[in-house]
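Okay, so the sequence shown: first residue is 443 according to the numbering used here, each after it adds one. For reference, the structure discussed in these notes is given below.
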Amino acid sequence: MEKENNTDRKSAGSKILASKIYPLVFLVVIVLISVSLVMVIGNMTQAKIAGQRDAEILKQLNIIFPEMTDFKYLDQYYEIYAGNDVAGFAFTVTGKGYGGDINMLAGIDTNYNVKALTILSNTETPGLGTRIEESAFTDQFKGLGLQDISLSKDGGKIDAITGATISSKAVTDALRGQLEEIIEIIKNGN
């Protein structure tokens, strides 16, 4: 009788142990599968996002440099070719606006004057800060050299957007700072 009670206790003990381990093992397996799926999907979407970003940059390069026949990415900037000649340079710029990052693509000619500025993405206030994308704002940069790229209230040639001074200043400051660095890199590289 005592042996039966011990056997029943062991049997009950192993059932309890098994019932406690099973959910743990099941949970670990589910977590491993979930993490693996998230990693695979993340890698697939990152490649697609990078491809879309590169396609958008190529599209914008063709708009900024209609004469472009080829380009080469050199560390921090694009060297743009028209035939065998260098037609200009382009580079990406990120500024901190009112609502977050403002991502831009700037093109400059071989004299380092701005050929065009394109806003690639931003998280500025709709209807106010997003007006930085409008040609009325971005066209002001065309033909300007480094010394002229700042808001008119700061001695530059760019008129701020009414109600979006922070966004306007973010664009001009980021472009001027990055342009200064890129000019130095280009001059040292050539």
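Positions of the beta carbon are idealized from the N, C-alpha and C atoms, including for glycine.
Query, Result
"What are the boundary residues of the beta strand (DSSP E) that G531 is part of?", "Checking the sequence shown, residue 531 turns out to be Phe, not Gly. F531 -> beta strand (DSSP E) spans D527 to K538."
"Flag this pair as touching only if the region 615-630 and the region 543-561 have three or more C-beta atom pairs under 8 Å; answer yes or no.", "yes"
"Give the range of the beta strand (DSSP E) segment to which S563 is assigned.", "V556 to N564"
"Between which two residues does the beta strand (DSSP E) harbouring D543 extend?", "D543 to I550"
"Spatial neighbours of A612 within its chain, please: C-beta separation below 7 Å, excluding the five flanking residues on both sides.", "G537, K538, G539 and I544"
"Looking only at its chain, what residues have a beta carbon closer than 7 Å to the beta carbon of N630, apart from the 5 residues adjacent to it on each side?", "none"
"Taking the C-alpha atoms as reference points, what is the distance between K566 and Q582?", "The sequence given here has Glu at residue 566, not Lys. If you take the alpha carbons of E566 and Q582, they lie about 20 Å apart."
"Can you list, in chain order, the residues of its chain with a C-beta nearer than 6 Å to that of T580? Leave out the 5 residues immediately preceding and following it.", "L559"
"Which partner residues of L593 appear in the DSSP bridge assignment?", "I600"
"Taking C-alpha atoms, which residue in S609, I608, L562 and F533 lies nearest to I627?", "F533"
"Are I591 and I600 closer than 8 Å when you measure CB to CB?", "yes"
"DSSP on A606, reduced to helix/strand/coil?", "coil"
"Output yes if chain B places a C-beta closer than 8 Å to the C-beta of A606; else output no.", "Checking the listed chains, one finds no chain B in this structure; it contains a single protein chain."
"Can you tell me where the beta strand (DSSP E) with F583 in it begins and where it stops?", "Where F583 is concerned, there is no enclosing beta strand (DSSP E), given that its DSSP letter is neither H nor E."
"Comparing C-alpha positions only, which one of L547, L479 and N504 sits nearest to A529?", "N504"
"Quick check: what's the CA-CA separation for L617 versus G493?", "24 Å"
"Leaving aside the five residues before and after V470 along the sequence, list all residues of the same chain whose C-beta is less than 8 Å from its C-beta, in chain order.", "none"
"Does I468 pass the burial test, meaning 16 or more other C-beta atoms within 10 Å, or should it be called exposed?", "The question names Ile, but residue 468 in the sequence shown is Phe. Exposed, because fewer than 16 other Cβ atoms sit within 10 Å of the Cβ of F468."
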